[in-house]
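Undergrad:
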Amino acid sequence: QQGTFYNIWYNKWSGGERSSKFTREKAKTRCNVKLDAGETKGDKISNTYFCLYFARGCCPFGYECNYWHRIPTDSDPVDTTIDSFGRDKFDEYREDMGGIGSFNRENRTLYVGHVTICPDMEDIVRKHFGEWGEIEKIKILKDKGVAFVSYTNSLNAEFAKEAMSNQSLDNNEVLNVRWATDDPNPKAKAEFKRKAEAMAAQAIIKSLPAEFTLSNNDYINKRPRLNDDNNQNPLVLEGGQNSDDLEASVYYEDQQYAGHQPNMETIKTNSSSNSSYKNKSIVSDETLENLKILSQGFSSANYNKIKETTTEALTGLAEYESDDDNDDHESEEEHG
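Going by the UniProt record's numbering, the sequence shown opens with residue 1, and the numbers climb by one from there.
(1) Check whether the stretch 82-90 touches the stretch 114-130, counting contact only when three or more Cβ pairs, one atom from each stretch, lie closer than 8 angstroms.
(2) Note down the Cα distance separating Trp13 from Asn7, rounded to an integer number of angstroms.
(3) When the Cα atoms are used, what is the spatial distance from Gly133 to Asn66?
(4) Got a sec, what are the start and stop residues for the alpha helix (DSSP H) Asn156 sits in?
(5) Are the stretch 143-151 and the stretch 96-104 touching, with three or more C-beta to C-beta distances below 8 angstroms?
(6) Between Arg56, Leu52, Phe129, Trp68, which lies nearest to Glu39 when the distance is taken from Cα to Cα?
(7) Three or more C-beta pairs under 8 angstroms: does that hold for the stretch 166-177 against the stretch 35-50?
(8) Assign Lys26 to buried or exposed, taking buried as 16 or more other Cβ atoms, counted over all protein chains shown, within 10 Å of its Cβ.
(9) So, at 6 angstroms on beta carbons, what are the nonlocal neighbours of Tyr53 in its own chain, with the 5 sequence-adjacent residues on each side left out?
(10) On the three-state DSSP scale, how would you describe Ile45?
(11) Excluding the 5 residues preceding and the 5 following Gly113 in the sequence, name in chain order all residues of the same chain whose CB lies nearer than 6 angstroms to its CB.
(12) So, using beta-carbon positions, are Ile135 and Tyr151 closer together than 8 angstroms?
(13) Out of Lys127, Phe159, Pro186, state which residue places its alpha-carbon closest to the alpha-carbon of Ser168.
(14) To which residues of the same chain is Ile140 closer than 6 angstroms at the C-beta, ignoring the five residues directly before and after it?
(15) Would you give the residue range spanned by the beta strand (DSSP E) that Val177 belongs to?
(16) Can you find the residues in the same chain that come closer than 7 angstroms, C-beta to C-beta, to Asp83, ignoring five residues on each side of it along the sequence?
(17) Going by the CB atoms, is the gap between Arg56 and Ala163 shorter than 8 angstroms?
(18) Looking only at its chain, what residues have a beta carbon closer than 8 angstroms to the beta carbon of Val125, apart from the 5 residues adjacent to it on each side?
(19) Nearest to Ser75 by CA position, among Phe61, Leu110, Ser154, Lys28, is which residue?
(20) Can you name the start and end residues of the alpha helix (DSSP H) that Lys127 belongs to?
(21) Whole angstroms is fine: what's the gap from Thr109's alpha carbon to Phe129's?
(22) In angstroms, rounded to a whole number, what distance separates the CA positions of Val33 and Glu191?
(23) Check for me: the beta strand (DSSP E) holding Ala147 runs from which residue to which?
(24) Thinking Pro209 and Asn156 are a contact (beta carbons under 8 angstroms), I'd like their distance in whole angstroms, please.
(25) Quick one: what's Leu110 bridged to in DSSP?
(26) To which residues does DSSP link Lys12 through a beta bridge?
(27) Determine the burial state of Phe5: buried for a count of at least 16 other Cβ atoms within 10 Å of its Cβ, exposed for fewer.
(28) If I'm right that Asn166 touches Arg70 with Cβ under 8 angstroms, what's the distance once you round it to whole angstroms?
(29) Using three-state DSSP, classify Tyr277 as helix, strand or coil.
(30) Quick one: grab the DSSP three-state call for Gly38.
Here you go:
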């Protein structure tokens, strides 16, 4: 208990001397990764989290636990709305920078207070905190007994905060582990922004297909070689036309179509399809030719017959005298 009354909204004890050494009590258990880590039922569950009691060294279930009993790795998924133990994060940090944390900013740095001041202070901090993940950097304030430990992964920082809370190092002190505030140094802010952009770009690259992320040479090397003499080319056509000739013919057809010119290859294809259709016909080619000749002969005979009939009709009509001539002849006889 660190305070005089409990605030249910911020999930913490408030009031009294917050940093008093008499209000802090050393943890009774501590996680030993070499002895406590192992396979559990949680390894067979797809959507699970790390065991909070394992991080504190007091999980009573052992193999029967439904959560992971191991240290977070880079391959573990990171969710900004919950921590590594499945607890919901808040909009803002607590006033004392304790608790679960905020989902508005990724924090990978821990504030470690009440560290005993000694010459090898950094080595001691690295030895104890390096057990929970890869450390990026450590900053020591020797005159204040404070250390800032930055991890490369936020999951390791969350795990280390629970594992080292109220623990001691080599001098039997009681540590005060909290989240670190933003570094006011402009260089640190620029470095944090650069790393955040790099992580976002890396996440986008991982979500893209492989052909979009490969370099030019890698993509060419991974393409199947079509002209390999040792391997049979699956894209060779029946007429001995390989893929290069096929591409050339397709390009030629496109040019012919663009210029509104007849495509000779299409005509050949149509003629070959017609010939194949004729070969599949029930009537033979010879019979078809004979029928064609007979039909032509019948048409010419009908034409000749019609022509003769028309000529005879015109000839008979020419033998009769005109009605006008007869009228003229009769009028002459009357006057004579």
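Even glycine gets a Cβ: it sits at the ideal position worked out from N, Cα and C.
TA: Per the coordinate set shown:
(1) At 8 angstroms Cβ cutoff, the stretches do not touch.
(2) Here residue 13 refers to the residue found at position 13 when the sequence shown is read from its first residue. Here residue 7 refers to the residue found at position 7 when the sequence shown is read from its first residue. Between Trp13 and Asn7, the C-alpha separation is close to 6 angstroms.
(3) Reading the sequence shown from its first residue, position 133 is the one you call residue 133. Reading the sequence shown from its first residue, position 66 is the one you call residue 66. About 22 angstroms.
(4) For the purposes of this step, residue 156 is taken as residue 156 along the sequence shown, with counting starting at 1. Note, Asn156: alpha helix (DSSP H), 154-164.
(5) no
(6) Against the sequence shown, residue 39 aligns to sequence position 39. Looking at the Cα atoms, Trp68 is the closest of the given residues.
(7) no
(8) Mapped onto the sequence shown, residue 26 falls at position 26. By the neighbour-count rule (16 or more Cβ atoms within 10 Å), Lys26 is not buried but exposed.
(9) On the sequence shown, residue 53 is found 53 positions in, with the first residue counted as 1. Within the same chain, Tyr53 has close Cβ partners Cys59.
(10) Start at 1 with the first residue of the sequence shown, and residue 45 comes out as number 45. Here Ile45 sits in coil by DSSP.
(11) Position 113 of the sequence shown, counting from 1, holds the residue named residue 113. Cβ within range, chain order: Val146, Asn176.
(12) Translated into positions along the sequence shown, residue 135 becomes position 135. Translated into positions along the sequence shown, residue 151 becomes position 151. Taking 8 angstroms as the Cβ cut-off, Ile135 and Tyr151 qualify as a contacting pair.
(13) As a first step, residue 168 is located in the sequence shown; it is residue number 168 there, counting from the start. Shortest Cα-Cα distance from Ser168 to any of Lys127, Phe159, Pro186 involves Lys127.
(14) By one-based count along the sequence shown, residue 140 stands at place 140. Excluding sequence neighbours, Ile140 sits near Met121, Glu122, Ala147.
(15) Locating residue 177 in the sequence shown gives position 177, where the first residue counts as 1. Run containing Val177: 176-179, per the beta strand (DSSP E) assignment.
(16) As a working mapping, residue 83 is identified with position 83 in the sequence shown. So the qualifying residues of the chain are Lys89, Ile100, Gly101, Glu158.
(17) The residue labelled residue 163 in the question sits at position 163 within the sequence shown. The residue labelled residue 56 in the question sits at position 56 within the sequence shown. Closer than 8 angstroms, so yes.
(18) Looking up residue 125 in the sequence shown gives position 125. For Val125, where only same-chain residues beyond five positions count, the Cβ hits under 8 angstroms are Val112, Val115, Ile138, Ile140, Ala147, Val149, Leu169.
(19) Taking the sequence shown and counting its residues from 1, the one referred to as residue 75 is at position 75. Out of Phe61, Leu110, Ser154, Lys28, Ser154 has the C-alpha closest to the C-alpha of Ser75.
(20) Taking the sequence shown and counting its residues from 1, the one referred to as residue 127 is at position 127. Lys127 -> alpha helix (DSSP H) spans 121-129.
(21) On the sequence shown, position 109 is the one that residue 109 refers to. On the sequence shown, position 129 is the one that residue 129 refers to. Distance between the alpha carbons of Thr109 and Phe129: 12 angstroms.
(22) The residue labelled residue 33 in the question sits at position 33 within the sequence shown. The residue labelled residue 191 in the question sits at position 191 within the sequence shown. Roughly 32 angstroms separates the two Cα atoms.
(23) The residue you call residue 147 lines up with position 147 of the sequence shown. Per DSSP, Ala147 belongs to the beta strand (DSSP E) from 146-151.
(24) In the sequence shown, residue 209 corresponds to position 209, counting from 1. In the sequence shown, residue 156 corresponds to position 156, counting from 1. Actually they do not touch by this definition, with Cβ atoms about 30 angstroms apart.
(25) For this step, residue 110 is matched to residue 110 along the sequence shown. Paired residues: Val149, Trp179.
(26) Start at 1 with the first residue of the sequence shown, and residue 12 comes out as number 12. BP columns for Lys12 point to Asn7.
(27) By 1-based counting over the sequence shown, the position of residue 5 is 5. When all chains shown are included, Phe5 counts as exposed.
(28) For the purposes of this step, residue 166 is taken as the residue at position 166 of the sequence shown. For the purposes of this step, residue 70 is taken as the residue at position 70 of the sequence shown. Actually they do not touch by this definition, with Cβ atoms about 22 angstroms apart.
(29) Position 277 of the sequence shown holds residue 277. Low local confidence applies: a pLDDT of 48 at Tyr277 is under 50, so the model's placement there is unreliable, and no value is given.
(30) Taking the first residue of the sequence shown as position 1, residue 38 is located at position 38. Gly38: strand per DSSP, three-state reduction.
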